[in-house]
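Residue numbers (the numbering used here): 917 to 1329. Beta carbons: idealized from backbone N, C-alpha and C, even for Gly.
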């Protein structure tokens, strides 16, 4: 018998930020530290960057350790991962947008990085990182390849041709995947119906959120509203997410415009639609009661200012922010898209509305604001629904089991 050794695990993700980045980080942090050597391999852009990667040869397009962290954009989680003792690698050609030159460079570079790192497991996240990462891991001879679906890059709002192309790419990557984790029940349903996995290779997973950080304390509501300099006595509906087409921020502000003047809107998160949204806000005449707060690192301190959380997304996996809002005791209105209904049970733990319908979103918001007792009951039922399944510790156990091929036998050397 050989002696057990630590497993070398590399997390590959296009952008190490947002909900997917936080779930990936929380899971890695929850792994038994005595059993794992952890690395994060991320792309060369930040939250809002549109710049292409460096391309070129592997040695010229990769940053390691402190150099990679120093190059991280605002909101990037690599400093936290580095502080926790993880290896950090930045592949600068790994970018989220479609770019054949960068994509080929990223595949070459990532294959080199993974082969050189001699990893036992590669765990990929996100669309671009998931496809390129799994193909590169297979080429590098990595023994076990795992992928998490946080949702899918294809959706009903795309052209038929683009949707088919994305599904085809997922099928290619699936051939190089030993195990899948899927955030939300609808994600699994979609994957099975499209033949992207077989039943024995997929496991339901949940967003891993440190719920204790979002549990409100007495006085936190008043403190949050003072922090944001909100007028006394107003009702506040808020949302958290990037300013992108997926998240529907223009639908949110249109819904707000139909609400009474004592209802304020808050949106935490930046993104490429910021300029257009500022213009739309002015056009709708609500600039005095709609605040685009941009990216913030203090979301847990801002959430208590909300009377209500309203998610206007066109599509989702299962966003972390729903778990965060539930933990803070905030009532929910969300769009009826996968897999929001895992947490927002219609009329029980919140209200569901169709996507792209500002009128119905506004009416649902008004209903809960006008019926605070019913909203509070829904919030309490939602909190009861969030248990250990959504904790980082639970995800750590799932990852440990998945990385070892559903057994507790240690890798040998």
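Worksheet item: Just checking, does the region 1096 to 1104 make contact with the region 1125 to 1134 on the three C-beta pairs under 8 angstroms criterion?
Response: no
Discussion item. I'd like the span of the alpha helix (DSSP H) that includes residue 1319, first residue to last.
Written reply: 1308 to 1319
Worksheet item: Which of helix, strand or coil does DSSP assign to residue 1121?
Response: strand
Worksheet entry | Cβ shell of residue 940 (< 6 angstroms), same chain only, five flanking positions each side left out | 927, 929 and 1041
Worksheet item: Is there contact between the region 1002 to 1011 and the region 949 to 960, where contact requires at least three CB pairs shorter than 8 angstroms?
Response: yes
Practice prompt. To the nearest angstrom, report how far apart residue 1197 and residue 1162 are at their CA atoms.
Written response: 19 angstroms
Fill in: Terminal residues of the beta strand (DSSP E) in which residue 1099 lies
1095 to 1099
Practice prompt. Assign residue 1073 to buried or exposed, taking buried as 16 or more other Cβ atoms, counted over all protein chains shown, within 10 Å of its Cβ.
Written response: exposed
Worksheet item: According to the neighbour-count rule (16 or more other Cβ atoms, all chains shown, within 10 Å of its Cβ), is residue 1240 buried or exposed?
Response: buried
Worksheet item: Quick one: what's got a C-beta closer than 7 angstroms to residue 984's C-beta in the same chain, skipping five residues either side?
Response: 994, 1004, 1005 and 1006
Worksheet item: If residue 1238 and residue 1256 are in contact, beta carbons under 8 angstroms, what's the gap, nearest whole angstrom?
Response: 7 angstroms
Worksheet entry | Opening and closing residue of the alpha helix (DSSP H) in which residue 1044 lies | 1043 to 1055
Worksheet item: residue 925 bridges to which residues according to DSSP?
Response: 954 and 1037
Practice prompt. Report the three-state DSSP secondary structure of residue 1283 (helix, strand or coil).
Written response: helix
Item to complete: May I have a chain-ordered list of the alpha helix (DSSP H) segments no shorter than 4 residues that lie completely inside the region 1057 to 1090?
Response: 1076 to 1090
Practice prompt. Please work out which residues of its chain come closer than 7 angstroms, Cβ to Cβ, to residue 1060, disregarding the five sequence neighbours upstream and downstream, and give them in chain order.
Written response: 1036, 1037, 1094, 1319 and 1321
Item to complete: Can you tell me which of the three DSSP states residue 934 falls into?
Response: helix
Worksheet item: Taking C-alpha atoms, which residue in 1013, 1098, 1251 and 1305 lies nearest to residue 1280?
Response: 1251
Item to complete: Would you mind stating whether residue 1056 and residue 1030 have Cβ atoms separated by less than 7 angstroms?
Response: yes
Discussion item. In the DSSP output, what is residue 1251 paired with across the bridge?
Written reply: 1269
Discussion item. Taking its Cβ as the centre, do 16 or more other Cβ atoms sit within 10 Å of residue 1227, making it buried, or is it exposed?
Written reply: buried
Worksheet item: According to DSSP, is residue 1196 helix, strand or coil?
Response: helix
Item to complete: Scan the region 1107 to 1160 and note each continuous alpha helix (DSSP H) run of 4 residues or more that stays entirely inside, going in chain order.
Response: 1136 to 1143
Item to complete: Whole angstroms is fine: what's the gap from residue 1312's alpha carbon to residue 943's?
Response: 5 angstroms
Worksheet item: Nearest-angstrom Cα distance between residue 1155 and residue 1184?
Response: 6 angstroms
Item to complete: Let me know if residue 1167 comes out buried or exposed under the rule of 16 or more other beta-carbons within 10 Å of its beta-carbon.
Response: buried
Item to complete: Give the DSSP bridge partners of residue 1225, in chain order.
Response: 1154 and 1248
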